[in-house]
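Notes follow the structure.
There are 2 protein chains.
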Amino acid sequence: MRAAILQSARVLLTHNGIEHLSIRKVAQQIDYSPAIVYHYFNNKEEIIDALLEEDYEKIVEVVKTTAEYYSKKDFKNGIVAYIRLVTDMGAFYKNVMISDLPRILQRTSVLHKGAAQERPALEALCSDLRVCPAFANQSDADIELAAQIIWSTLFGLATRIIIEDVDKDQKERLAEQAAELILKMFR
Amino acid sequence: MRAAILQSARVLLTHNGIEHLSIRKVAQQIDYSPAIVYHYFNNKEEIIDALLEEDYEKIVEVVKTTAEYYSKKDFKNGIVAYIRLVTDMGAFYKNVMISDLPRILQRTSVLHKGAAQERPALEALCSDLRVCPAFANQSDADIELAAQIIWSTLFGLATRIIIEDVDKDQKERLAEQAAELILKMFR
DNA sequence: GATTATATTAAACACTGTTTAATAAAAAGG
DNA sequence: CCTTTTTATTAAACAGTGTTTAATATAATC
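Residue numbers (the working numbering), protein chains in the order written: chain A, 21 to 207; chain B, 21 to 207.
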């Protein structure tokens with residue numbers, strides 16, 4: 021039942037957008053009364069949180085994929101792959117990270133969850149920076165700052181690509197040039 | 021009357037957040053019936069659009085301030101000032117650019133308006149890049165790509181600072197290091 | 001002063017999230 | 001097998017939302 025509710029909610033979320041995701045529609049789609057939802061969830065917020073949880077797991081997969089490139093010191097393709105994967109995944113970046121930022125802003129629990137999920141990626145980035153000549157003799161704090169800035173660049177680029185609906189060709193070009201420019205920071 | 025409605029809406033938006041901005045509350049606050057709103061606006065969307073319009077004008081001021089630094093070729097302080105100004109202005113970045121991104125995503129008119137407002141800033145950035153040695157012999161398209169990436173970096177950084185509620189000290193450090201890293205791209 | 005245009009509202013419609021109390025179904029215990 | 005207890009489900013109501021309609025009051029114009 022819980023799974024059916026979540027699945028119905030996901031369909032409404034991805035097809036009609038978050039503003040059309042209503043508990044009554046969720047219930048109608050699975051042929052139950054609206055009140056049933058409150059037997060499996062405390063409120064609408066919890067349903068969205070559950071969907072968020074699923075999406076966060078997806079982005080961890082993306083991070084793993086890019087981490088493979090980084091471990092081979094192929095930073096450029098790592099960055100390009102990150103932009104490609106992230107802008108292609110409808111769920112997290114489009115419906116959650118962007119469409120639902122207001123909720124994330126307000127509900128610190130979800131935010132911290134997200135930060136915790138991002139943490140491994142940031143730390144992987146830090147250890148990559150540490151072996152770069154440009155950051156050889158810098159403190160851990162400085163390296164983490166640098167990692168955060170790089171992360172911000174990728175986040176901002178991905179967000180803009182999605183918002184402005186950049187086409188595939190320009191997306192590739194943006195990603196590649198971004199990768200080259202970011203690598204310049206390390207020299 | 022129109023102004024009174026907008027002012028009431030602004031108060032509710034900034035104090036209670038966009039999810040508590042309701043036409044009935046707007047009307048109640050100015051001691052009128054809810055129906056009056058529909059004599060001056062077609063729908064709730066138009067009220068928010070009007071508030072957005074005001075906010076876009078504010079960000080143009082920010083761009084003008086940073087442009088002064090750029091014209092003196094003081095890129096570092098320009099970047100630092102941008103981050104400082106943008107993360108300090110509650111209205112645009114917090115309530116609009118972030119809290120209301122879903123709306124911006126859906127309503128292309130507002131998006132295009134925003135893009136048009138950003139345009140002068142982007143072009144100013146392009147002309148700054150053109151005089152940099154690193155971009156001397158590159159095409160206009162490549163320079164615009166670079167400008168977009170730099171813009172993305174600043175957007176992403178500002179968004180993260182606001183979302184994660186970074187304190188003033190670390191904000192300054194982030195901004196300064198971001199500025200230095202961005203400048204490295206130009207060499 | 002009569003007429004036209006503008007401003008304002010009460011009331012209704014169709015939604016929304018959520019709660020409550022009642023009922024149906026299933027599980028557990030004797 | 002029957003009773004009791006727990007779980008699942010719902011109809012109905014509450015309070016809120018955006019919006020429309022038709023009626024009324026006010027202001028402007030002729």
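Built from N, CA and C at the ideal position, the CB exists for glycine as well. Treat the numbers as computed from the prediction; the structure is a model and nothing was measured.
Check                                                                                                                                                                     : Outcome
Can you tell me whether DSSP reads L194 (chain A) as helix, strand or coil?                                                                                               : helix
With burial defined as no fewer than 16 other Cβ atoms inside 10 Å of the residue's Cβ, what is the status of R104 (chain A): buried or exposed?                          : buried
Under three-state DSSP, which class holds V186 (chain B)?                                                                                                                 : coil
Near I181 (chain B), which residues of its chain fall below 8 Å by C-beta distance, leaving aside the five closest residues on each side in sequence?                     : I103, T107, K191 and L194
Output needed for M21 (chain A): all residues of its chain with C-beta closer than 7 Å, excluding positions within five of it in sequence on either side, in chain order. : Y60
Nearest to D51 (chain B) by CA position, among B:V186, B:A24 and B:Y89, is which residue?                                                                                 : B:A24
F155 (chain A) to C146 (chain A), Cα distance in whole Å?                                                                                                                 : 10 Å
Output needed in chain order: residues of the region 82-96 of chain B with a Cβ under 7 Å from some Cβ in chain A.                                                        : none
Among residues of its own chain, excluding the 5 on either side of K204 (chain A), which ones have a beta-carbon nearer than 8 Å to its beta-carbon?                      : none
When you check each C-beta in the region 62-81 of chain A against every C-beta of chain B, which residues fall closer than 8 Å?                                           : none
Going by other Cβ atoms of all chains shown within 10 Å of its Cβ, with 16 needed for buried, is V46 (chain B) buried or exposed?                                         : buried
State buried or exposed for A161 (chain B), treating a residue as buried only when at least 16 other CB atoms are found within 10 Å of its CB.                            : exposed
Taking beta-carbon pairs under 8 Å, can you tell me which members of the region 38-64 of chain B lie near chain A?                                                        : I38 and E39
Pick helix, strand or coil for F155 (chain B), following the three-state DSSP scheme.                                                                                     : helix
What are the residues of the region 165-184 of chain A that lie near chain B, defined by any Cβ-Cβ distance shorter than 9 Å?                                             : L165, A166, Q168, I169, I170, W171, S172, T173, L174, F175, G176, L177, A178, T179, R180, I181, I182, I183 and E184
Pick out whichever of A:V151, A:E164 and A:R150 has its Cα sitting closest to the Cα of L142 (chain A).                                                                   : A:E164
Can you round the beta-carbon distance between A199 (chain A) and V83 (chain A) to whole angstroms, since I take them to be within the 8 Å contact cut?                   : The Cβ separation is near 16 Å, so there is no contact.
Rounding to the nearest angstrom, what Cα-Cα distance links Q49 (chain A) and S28 (chain A) in this structure?                                                            : 7 Å
With a CB to CB cut of under 7 Å and the five nearest residues on each side skipped, what residues in its chain are close to H132 (chain A)?                              : In this predicted model, H132 (chain A) has a pLDDT of only 42, less than 50, meaning its place in the structure is not dependable enough to derive any value.
Could you tell me the distance, in whole angstroms, from the CA atom of K92 (chain A) to the CA atom of S172 (chain B)?                                                   : 27 Å
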